[in-house]
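*Asks:*
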Amino acid sequence: NRKTPIPSYYASWAHWLPIMNAYESRKGMYFATPPVQLIYALNTSLKQITSIPLETRFEQHKKASNRIKDALDSLGLNFLPKNREAAANGMTAIYYPEGIQPADLLQKVASHNVVIAGGLHRAIATKYFRVGHMGISATEPERKHLDTVISALTDSLKELGYSGK
Numbered sequence: 049n050r051k052t053p054i055p056s057y058y059a060s061w062a063h064w065l066p067i068m069n070a071y072e073s074r075k076g077m078y079f080a081t082p083p084v085q086l087i088y089a090l091n092t093s094l095k096q097i098t099s100i101p102l103e104t105r106f107e108q109h110k111k112a113s114n115r116i117k118d119a120l121d122s123l124g125l126n127f128l129p130k131n132r133e134a135a136a137n138g139m140t141a142i143y144y145p146e147g148i149q150p151a152d153l154l155q156k157v158a159s160h161n162v163v164i165a166g167g168l169h170r171a172i173a174t175k176y177f178r179v180g181h182m183g184i185s186a187t188e189p190e191r192k193h194l195d196t197v198i199s200a201l202t203d204s205l206k207e208l209g210y211s212g213k
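All the letters of the sequence shown, read from the start, carry residue numbers 49 to 213 under the working numbering.
Following this line, the structure appears as structure tokens:
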């Protein structure tokens, strides 16, 4: 029932169904080499994710999220959304402080060997930035990824003249 063409050749069922039907009939057929390394990477990732109960993993991410949010809140920064209970536990969205330009903060943080991202929501994309905190950054605190991000943001904001609360 689709009205528009599939934009990706490899994402089209029209190309994959004959291949799958051929395999079910025990006839070898293919039109592309699968990304074997990505399949192995997915397998490894899923094994890591399920190596502990998911509830434990979710709690680790919530704890990491609260740690980032608490640190940035102490600097007087404002968040999207305003209600923390509605916020994601794998990413924090923060409004740029008044007077801080998006490109300046992104570049300054990058100079501390940390990558943060600009906003995505079209209507306010230039008004906020995003900090990801998931995977090993959240579940392996001994790596000190969160400490590094918090320090880089704190130092970068100070270097750009932000004085906080």
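For each residue, glycine too, the CB sits at the ideal point set by N, CA and C.
For residue 144, does the count of other Cβ atoms within 10 angstroms reach 16, so buried, or fall short, so exposed?
*Replies:* Answer is buried; the Cβ neighbour count reaches 16.
*Asks:* Since residue 140 sits in a beta bridge, which residues does DSSP pair it with?
*Replies:* According to DSSP, residue 140 bridges with 179.
*Asks:* Does the Cβ of residue 116 have 16 or more other Cβ atoms within 10 Å, making it buried, or fewer, making it exposed?
*Replies:* The residue is buried, with at least 16 neighbouring Cβ atoms inside 10 Å.
*Asks:* State the DSSP-derived secondary structure class of residue 127, mapped to helix, strand or coil.
*Replies:* It is a strand residue.
*Asks:* Across the region 127-139 and the region 175-182, are there enough close Cβ pairs to call them in contact, namely three or more that are closer than 8 Å?
*Replies:* Counting Cβ pairs under 8 Å, three or more are found: they touch.
*Asks:* Using only the alpha-carbon positions, how far apart do residue 165 and residue 101 sit?
*Replies:* Roughly 30 Å separates the two Cα atoms.
*Asks:* Name the DSSP bridge partner or partners of residue 166?
*Replies:* Answer is 177.
*Asks:* Following the continuous alpha helix (DSSP H) through residue 107, name the residue where it begins and the one where it ends.
*Replies:* Run containing residue 107: 102-122, per the alpha helix (DSSP H) assignment.
*Asks:* I need the straight-line Cα distance from residue 61 to residue 96, nearest angstrom please.
*Replies:* Rounded to the nearest angstrom, the two C-alpha atoms are 30 Å apart.
*Asks:* What did DSSP end up calling residue 66 once you bin it into helix, strand or coil?
*Replies:* Here residue 66 sits in helix by DSSP.
*Asks:* In terms of residues, what are the limits of the alpha helix (DSSP H) holding residue 156?
*Replies:* Where residue 156 is concerned, the enclosing alpha helix (DSSP H) stretches over 150-158.
*Asks:* By alpha-carbon positions, which one of 123, 79, 147 and 114 ends up nearest to residue 131?
*Replies:* That would be 114, whose Cα lies nearest to the Cα of residue 131.
*Asks:* Would DSSP call residue 94 helix, strand or coil?
*Replies:* It is helical.
*Asks:* Determine the direct distance from the alpha carbon of residue 159 to that of residue 206, and round the result to whole angstroms.
*Replies:* C-alpha separation (whole angstroms): 14 Å.
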